[in-house]
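Below is one structure, written out as structure tokens; the observations come after it.
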Amino acid sequence: MRRVAQPAASPDWLLFQHGIGGDVRQPGRFLVPEHTAVPLEELSILHADFRGHGQSDLGPVECLSIRTLARDLAALLDHLGVERAMVGGISMGAAAALRLAVQQPERCRALILCRPAWADGPMSAQARQALGLVAELLAAKDWRTSAAKALEESAILNAIEEVSPDAAKSIRGHIKSVLDHPQDRERAIARLRHLPLSRGLDGVGQALAAVQCPTLILAAEGDPVHPFEYAQQLAQSLPHCELVRIAPKSALDDRPHLQEVDRAIGEFLRRRCRSLRRG
216 MRRVAQPAAS PDWLLFQHGI GGDVRQPGRF LVPEHTAVPL EELSILHADF
266 RGHGQSDLGP VECLSIRTLA RDLAALLDHL GVERAMVGGI SMGAAAALRL
316 AVQQPERCRA LILCRPAWAD GPMSAQARQA LGLVAELLAA KDWRTSAAKA
366 LEESAILNAI EEVSPDAAKS IRGHIKSVLD HPQDRERAIA RLRHLPLSRG
416 LDGVGQALAA VQCPTLILAA EGDPVHPFEY AQQLAQSLPH CELVRIAPKS
466 ALDDRPHLQE VDRAIGEFLR RRCRSLRRG
């Protein structure tokens, strides 16, 4: 598992994870000190490639699930000798962080869930349909010449684009990534076939009441891949949760989104993280 860490003398660790199809570079675009307005150099910040992503091995395909990703995060913390950490992530990273908090609540000092795409069950019906289609298009023999065109002509991509051009862009991105890196094709097919169907909490949603750490959820309306309703469901079940509504992410320029997320995270950390408090 490739990991990127910014170690500091502080005992405060923040493990912040990427979404489906991403790698450590995605969360690395967040947590910019100028945007958060907190001294992040006082935190030990950690990102890692999930299995089947980036430079991490795929492992057994039948093990691809949110539950396994959460166990991988716990194993990473064990390997580093980190007993407790703030954990979070974007989309799938948020799902794995939440599942870790449910499985081992004593390890989580705080949760930061950005645009969750899973609640108790699998991804939304539209997300499952779109990502499942991408997997099958990539599995076709003529995928190099047919996949992108077939996706553009699909009803599901057009339906998503009408609501959220950025969500449609992210769906297209899975094919573009494999066209740019064809050696990743088999891993992409595997993760797109299995992970969207995986249940976020797998029927243990009632255990959310046992998650006593402070939690921040960031979510936008009008995103069929990251439904605002999922964020609301989680916020209603987590005892110490703040739900912050953010502006929809633009497909043309995501910098305002990154800055808005960072500001909200910075305010949360200022209140919740001992080493970042001033005065």
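Under our numbering, the sequence shown has 426 at position 211, and the numbering climbs by one with no breaks. Where is the CB? At the ideal position from N, CA and C, for every residue including glycine.
- In this structure, the CA atom of H294 is about 43 Å from the CA atom of S361.
- The Cβ atoms of A435 and I461 sit closer than 8 Å to each other.
- Contact check for P275 and L449: beta-carbon distance about 29 Å, past the 8 Å limit, so the pair fails to qualify.
- L431 places its beta carbon less than 8 Å from that of A479.
- Residue state for E368 is assigned as coil, using DSSP reduced to three classes.
- H455 has its alpha-carbon roughly 24 Å from the corresponding atom of P254.
- Residue environment for V247: exposed (fewer than 16 other C-beta atoms within 10 angstroms of its C-beta).
- Residue pairing from DSSP places C329 in a beta bridge opposite I305, L433.
- Under DSSP, A300 shares a beta bridge with C323.
- Separation of L229 and S271 (C-alpha to C-alpha, rounded to the nearest whole angstrom) is 20 Å.
- The beta carbon of C323 lies closer than 6 Å to those of V302, A316, C428 in the same chain, with the five residues before and after it left out.
- In the pairwise beta carbon analysis, the segment 405-413 is classified as touching the segment 347-359: at least three pairs are separated by under 8 Å.
- Going by C-alpha positions, I371 is about 7 Å away from Q344.
- No Cβ-Cβ contact shorter than 8 Å links G267 with R387.
- Taking 3 residues as the minimum length, the beta strand (DSSP E) runs contained wholly in the segment 435-461 are 456-460, in order along the chain.
- Each of E444, L261, S385 was checked against the Cα of L291, and the nearest Cα belongs to L261.
- Straight across, the Cα-Cα distance linking A300 with K364 is about 44 Å.
- With fewer than 16 other CB atoms across the displayed protein chains lying within 10 angstroms of its CB, A425 is exposed.
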